[in-house]
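Undergrad:
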Amino acid sequence: MYLSLLKLNPSLRETKEMLINPYTLHQAVYRVFPDESDGGPGRVLYRIDWNQRSGTISLLVQSEKAPDWTKANYLGECLLEKAEFKPFAPRIMDGQRLYFRLRANPSVKKQAEGKKNGYRMGLLREVDQLKWLHKKAEESGFTVVTCQAMPEGIIHDERGQEDRGKLRHYAVRFEGMIKVVNPDIFTTTLNNGIGSAKGFGFGLLSIAPVKG
177 MYLSLLKLNP SLRETKEMLI NPYTLHQAVY RVFPDESDGG PGRVLYRIDW
227 NQRSGTISLL VQSEKAPDWT KANYLGECLL EKAEFKPFAP RIMDGQRLYF
277 RLRANPSVKK QAEGKKNGYR MGLLREVDQL KWLHKKAEES GFTVVTCQAM
327 PEGIIHDERG QEDRGKLRHY AVRFEGMIKV VNPDIFTTTL NNGIGSAKGF
377 GFGLLSIAPV KG
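Residue numbering for the sequence shown follows the numbering used here, beginning at 177 and increasing consecutively.
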């Protein structure tokens with residue numbers, strides 16, 4: 177895998193447009209990866225980290241294939257400095273404790289009456305959001321040691337769908353400490369992300385070692 181960290185200029189109109197419209201950001205990110213004729217982009221996960229205290233905005237991108245940031249175009253105009261990437265292959269051990277950050281769309285699937293496809297309903301209560309994360313952890317090779325759940329509002333997908341109009345994703349940022357209980361499953365989780373709406377800035381699980 178590869179990790180790219182891009183620092184965005186918060187004062188530019190283009191940056192503000194990407195923050196407002198998740199599909200604009202989606203298109204900008206995927207532009208730097210191979211299209212279907214060249215084998216496709218592979219798994220791509222990304223997240224906007226916005227520090228409201230300092231005003232800095234960063235875009236973290238984790239990808240299966242190496243990006244070509246010279247093709248960034250629209251996104252490239254928003255950068256404060258040259259985009260760079262590095263290989264990412266963390267060594268995961270059983271019992272290892274890690275700090276984590278995850279922007280997720282905690283939700284449950286509901287069946288719509290009279291319609292073939294169901295819909296996702298966002299979980300708004302913190303207790304339900306934390307239960308959702310603990311359940312995901314059980315499936316993903318880790319347990320949650322400590323965690324804060326911080327709501328980030330509703331993200332609208334302006335494209336929508338014919339039978340449902342705009343799609344809404346409830347954004348929650350989880351931060352804290354986790355413990356690895358199955359390294360193989362956890363590594364797969366790192367590669368694939370957690371939860372739904374991964375193509376719109378959700379699901380990227382970031383980790384850092386706990387020292388000492």
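C-beta atoms are modelled at their ideal positions from N, C-alpha and C, and glycine is treated no differently.
(1) State the Cα-Cα distance for the pair T232 and P186, rounded to the nearest angstrom.
(2) Buried or exposed: N227, going by 16 or more other Cβ atoms within 10 Å of its Cβ?
(3) Can you give the Cα-Cα distance for K312 and G252, rounded to whole angstroms?
(4) Could you compute how far the alpha carbon of E212 sits from the alpha carbon of M326?
(5) Between the C-alpha atoms of K374 and L380, what's the straight-line distance to the nearest angstrom?
(6) Whole angstroms is fine: what's the gap from L309's alpha carbon to A384's?
(7) By Cβ distance below 7 Å, which residues in the same chain neighbour E190 in space, the five residues on each side in sequence not counted?
(8) Going by alpha carbons, who is nearest to E328 out of K183, M177, G298 and K258?
(9) State the CB to CB distance for the pair V348 and L274, rounded to an integer number of angstroms; the pair is presumed to be in contact (CB under 8 Å).
(10) What residues match up with I383 in a beta bridge as DSSP calls it?
(11) Excluding five sequence neighbours on each side, which residues of the same chain lie with their C-beta closer than 7 Å to the C-beta of A280?
(12) What separation, rounded to the nearest whole angstrom, lies between the Cα atoms of V321 and G352?
(13) Can you tell me whether S230 is buried or exposed? The criterion is at least 16 other CB atoms within 10 Å of its CB, across all chains shown.
(14) Only counting the same chain, and skipping five residues up and downstream in sequence, which positions put a Cβ closer than 7 Å to that of G216?
(15) So, L236 versus L181, is the Cβ gap smaller than 8 Å?
(16) Measure the Cβ-Cβ separation of R223 and A248 and say whether it is below 8 Å.
(17) Which residue spans inside the segment 191 to 279 form an unbroken alpha helix (DSSP H) run of at least 4?
(18) Looking at the structure shown, is R301 part of a helix, part of a strand, or coil, going by DSSP?
TA: Taking the geometry as given:
(1) As a working note, residue 232 is residue 56 in the sequence shown. As a working note, residue 186 is residue 10 in the sequence shown. Their Cα atoms are separated by approximately 7 Å.
(2) Locating residue 227 in the sequence shown gives position 51, where the first residue counts as 1. By the 10 Å Cβ count, N227 comes out exposed.
(3) Taking the first residue of the sequence shown as position 1, residue 312 is located at position 136. Taking the first residue of the sequence shown as position 1, residue 252 is located at position 76. About 35 Å.
(4) Locating residue 212 in the sequence shown gives position 36, counting from the first residue. Locating residue 326 in the sequence shown gives position 150, counting from the first residue. One C-alpha to the other measures close to 36 Å.
(5) The count along the sequence shown starts at 1 and reaches residue 374 at position 198. The count along the sequence shown starts at 1 and reaches residue 380 at position 204. Between K374 and L380, the C-alpha separation is close to 8 Å.
(6) As a working note, residue 309 is residue 133 in the sequence shown. As a working note, residue 384 is residue 208 in the sequence shown. Those two C-alpha atoms are separated by around 18 Å.
(7) Your numbering for residue 190 matches position 14 in the sequence shown. Close CB contacts of E190 within its chain, under the 7 Å cut and outside five residues either way in sequence, are with Y250, E253 and C254 (chain order).
(8) As a first step, residue 328 must be located in the sequence shown, where it is residue number 152. For E328, the nearest C-alpha among the options comes from G298.
(9) Here residue 348 refers to the residue found at position 172 of the sequence shown. Here residue 274 refers to the residue found at position 98 of the sequence shown. Contact doesn't hold; Cβ gap of about 19 Å is too wide.
(10) Numbered from 1 along the sequence shown, position 207 holds the residue referred to as residue 383. I383 is bridged to F276.
(11) As a working note, residue 280 is residue 104 in the sequence shown. Cβ within range, chain order: V348, F350, I370, G371, F378 and G379.
(12) Position 145 of the sequence shown holds residue 321. Position 176 of the sequence shown holds residue 352. Taking the straight line joining both Cα atoms gives about 7 Å.
(13) Sequence index remark: in the sequence shown, residue 230 carries index 54 (1-based). When all chains shown are included, S230 counts as exposed.
(14) Within the sequence shown, the letter at position 40 stands for residue 216. Same-chain partners within the cutoff: P210.
(15) In the sequence shown, residue 236 corresponds to position 60, counting from 1. In the sequence shown, residue 181 corresponds to position 5, counting from 1. Yes, Cβ-Cβ distance for L236 and L181 is below 8 Å.
(16) Locating residue 223 in the sequence shown gives position 47, counting from the first residue. Locating residue 248 in the sequence shown gives position 72, counting from the first residue. It is not a contact, given that the beta carbons lie outside the stated cut-off.
(17) DSSP assignment within the segment 191 to 279 yields the following whole alpha helix (DSSP H) runs of 4 residues or more, N-terminal first: 198 to 206.
(18) Here residue 301 corresponds to residue number 125 of the sequence shown, with the count starting at 1. Coil, per DSSP.
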